[in-house]
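> Quick note on numbering: the sequence shown equals residues 32 to 319 in the working numbering. Please see the structure below; I have some questions.
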Amino acid sequence: MSSAATSGVAFGFLAYTLWGFQPAYWKLLEGMDSYQLAMHRIVWSGPIVLLVLAARRDLPAFAAVLRQKAMYQTYAVTALLLSANFFLSLWAVNAGYVLQMSLGFFINPLVTVLLGVVFLHESLAQVQWCAIGLAAIGVVVVTVGEGEFPSVALSIAFVNGVFISMMTVPALMYLIWCEVQSTGVFGHVSFGSELLIVGCGAWSVVPLLLLSLSIDRIPLVILGVLQFIGPTLNTLLGLFAFDEVPSQSLVIGFTCVVLALIVFTYTSLAPSTKRAEKAPLLPHKAAS
32 MSSAATSGVA FGFLAYTLWG FQPAYWKLLE GMDSYQLAMH RIVWSGPIVL
82 LVLAARRDLP AFAAVLRQKA MYQTYAVTAL LLSANFFLSL WAVNAGYVLQ
132 MSLGFFINPL VTVLLGVVFL HESLAQVQWC AIGLAAIGVV VVTVGEGEFP
182 SVALSIAFVN GVFISMMTVP ALMYLIWCEV QSTGVFGHVS FGSELLIVGC
232 GAWSVVPLLL LSLSIDRIPL VILGVLQFIG PTLNTLLGLF AFDEVPSQSL
282 VIGFTCVVLA LIVFTYTSLA PSTKRAEKAP LLPHKAAS
């Protein structure tokens, strides 16, 4: 493996490991309003992004892009989806849904593949359709066993399947409004908690930056394997750190989804067969 590929694997491993341990950080903010925390994630991500752009001497190009009206039309939906993802991951942790959240991140790659079939007219091998069907069975089992639709898991999966600068102003306006209404969090908690709130920006941006460095150096197939690290760590945290007790139906659902992902990974890593040659690469996770 070349040095570039080795560093790419290291960047990707670190990115997904940070995503995997994010719930432990969000848990430190338990009791604070999830909407406000999501907005703080966006607002405090802005300075970090600007510092990176300045270091790369890309600020003029970035400013030129912001002046293009078409850019706002193109990325408006993406920005909203990313904001929704920021909120969902925070809320899920502090509402005791870490296991369901990790299930959503396991389902996410299969949802992305399915979206590729619907909107990009990509073709799937029969075994891959079986994998998607198996994942669907897992969702049904969780729904029937839990007595409720796994909305947290699927919301996270679809939000990730379908950028920060566009949402900074609306997020800042919302936080100012909260302060005017005397419901704001920032400035009304301990200094340590305020530092944790500011740190939300780093926890949001740094994994994305590491992932971007990784994508340029290694094939998406390897990233597809690395992305299992995040939800696996999420699951372990839910079980052993947060004492969430999985029901039998949730265990069966997890098993179905993980088996489906193994099938997809195998077909991606077996280029010697015609089936694998036609198989789309397992997409990487966008963000958490």
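Even for Gly, the Cβ is constructed at its ideal location relative to N, Cα and C. Just so we're clear, the structure is a prediction, and the values are computed from it rather than from any experiment.
Taking the straight line between their C-alpha atoms, what separation do you get for LEU292 and PRO91?
In the sequence shown, residue 292 corresponds to position 261, counting from 1. In the sequence shown, residue 91 corresponds to position 60, counting from 1. Between LEU292 and PRO91, the alpha-carbon positions lie close to 42 Å from each other.
> Evaluate the contact criterion for the stretch 259 to 278 versus the stretch 53 to 69: three or more CB pairs, one atom per stretch, below 8 Å.
yes
> How would you label HIS152, buried or exposed, when you count the other beta carbons within 10 angstroms and need 16 or more for buried?
Looking up residue 152 in the sequence shown gives position 121. Under this definition HIS152 is an exposed residue.
> Relative to the alpha-carbon of LEU45, which residue among THR298, VAL282 and VAL236 has its alpha-carbon at the smallest distance?
Here residue 45 corresponds to residue number 14 of the sequence shown, with the count starting at 1. Nearest of THR298, VAL282 and VAL236 to LEU45, Cα basis: VAL236.
> Would you say LEU130 and CYS287 are within 7 Å of each other, going by their C-beta atoms?
Residue numbering aside, residue 130 sits at position 99 when the sequence shown is read from its first letter. Residue numbering aside, residue 287 sits at position 256 when the sequence shown is read from its first letter. One thing to note: LEU130 has its Cβ no nearer than 7 Å to the Cβ of CYS287.
> Between which two residues does the alpha helix (DSSP H) holding SER224 run?
Along the sequence shown, one-based indexing puts residue 224 at 193. That run of the alpha helix (DSSP H) goes 222 to 246.
> Please work out which residues of its chain come closer than 6 Å, Cβ to Cβ, to SER196, disregarding the five sequence neighbours upstream and downstream, and give them in chain order.
Taking the sequence shown and counting its residues from 1, the one referred to as residue 196 is at position 165. Residue confidence is low: SER196 scores 45 on pLDDT, short of 50, so the model does not pin down where it sits. No coordinate-derived value is stated.
> Under three-state DSSP, which class holds PRO91?
Locating residue 91 in the sequence shown gives position 60, where the first residue counts as 1. DSSP places PRO91 in helix when its eight states are reduced to three.
> For LEU121 and SER65, which I take to be in contact (beta-carbon distance under 8 Å), what is that distance rounded to the nearest angstrom?
On the sequence shown, position 90 is the one that residue 121 refers to. On the sequence shown, position 34 is the one that residue 65 refers to. Indeed they touch by this definition, with Cβ atoms about 5 Å apart.
> Along the chain, where does the alpha helix (DSSP H) containing ILE73 start, and where does it finish?
Taking the first residue of the sequence shown as 1, we reach residue 73 at position 42. Start and end: 65 to 86.
> Is the stretch 34 to 44 in contact with the stretch 84 to 98, if contact means three or more CB pairs nearer than 8 Å?
no
> Can you confirm whether the stretch 257 to 264 touches the stretch 72 to 88 when touching is taken to mean that 3 or more C-beta pairs between the two stretches lie within less than 8 Å?
no
> For the alpha helix (DSSP H) that ILE260 lies in, which residues bound it at each end?
Taking the sequence shown and counting its residues from 1, the one referred to as residue 260 is at position 229. Per DSSP, ILE260 belongs to the alpha helix (DSSP H) from 260 to 267.
> Does DSSP classify ILE249 as helix, strand or coil?
Counting from 1 along the sequence shown, the entry for residue 249 is found at position 218. It is coil, neither helix nor strand.
> Apart from the five residues on each side of it in sequence, which residues of its chain come closer than 8 Å, Cβ to Cβ, to ILE79?
Taking the sequence shown and counting its residues from 1, one reaches residue 79 at position 48. These residues qualify, in order along the chain: GLY232, ALA233, VAL236 and VAL237.
> Less than 7 Å separating the beta-carbons of PHE118 and ALA69?
Locating residue 118 in the sequence shown gives position 87, where the first residue counts as 1. Locating residue 69 in the sequence shown gives position 38, where the first residue counts as 1. Cβ atoms of PHE118 and ALA69: closer than 7 Å.
> Using a Cβ-Cβ cutoff of less than 6 Å, which residues in the same chain neighbour LEU242 once the five nearest sequence positions on both sides are dropped?
As a first step, residue 242 is located in the sequence shown; it is residue number 211 there, counting from the start. Excluding the 5 residues flanking it on each side, LEU242 has same chain C-beta neighbours closer than 6 Å at ALA46, in chain order.
> Quick one: residues in its chain with C-beta nearer than 6 Å to the C-beta of GLY169, no 5 flanking neighbours on either side, listed in chain order?
Taking the sequence shown and counting its residues from 1, one reaches residue 169 at position 138. If the five residues before and after GLY169 are omitted, its C-beta is found closer than 6 Å to the C-beta atoms of GLY284, CYS287 and VAL288, all from its own chain and listed in chain order.
> Using only the alpha-carbon positions, how far apart do PHE137 and LEU84 sit?
Start at 1 with the first residue of the sequence shown, and residue 137 comes out as number 106. Start at 1 with the first residue of the sequence shown, and residue 84 comes out as number 53. Roughly 32 Å separates the two Cα atoms.
> With a threshold of 6 Å on Cβ separation, who are the neighbours of ALA162 within its own chain once the five nearest residues in sequence on each side are excluded?
Within the sequence shown, the letter at position 131 stands for residue 162. Hits under 6 Å: ALA291, VAL294 and PHE295.
> Between PHE42 and the rest of its own chain, which residues show a CB-CB distance below 8 Å, the 5 nearest in sequence each way excluded?
As a working note, residue 42 is residue 11 in the sequence shown. Here the set comprises LEU241, LEU242, LEU244, SER245 and ARG248.
> By the DSSP assignment, the alpha helix (DSSP H) with SER154 in it spans what residues?
On the sequence shown, residue 154 is found 123 positions in, with the first residue counted as 1. Here SER154 belongs to no alpha helix (DSSP H), and DSSP marks it neither H nor E.
> To the nearest whole angstrom, what separates the beta carbons of PRO140 and GLN258, a pair I think is in contact under 8 Å?
Here residue 140 corresponds to residue number 109 of the sequence shown, with the count starting at 1. Here residue 258 corresponds to residue number 227 of the sequence shown, with the count starting at 1. Yes, they are in contact, since the Cβ atoms of PRO140 and GLN258 sit about 7 Å apart, within 8 Å.
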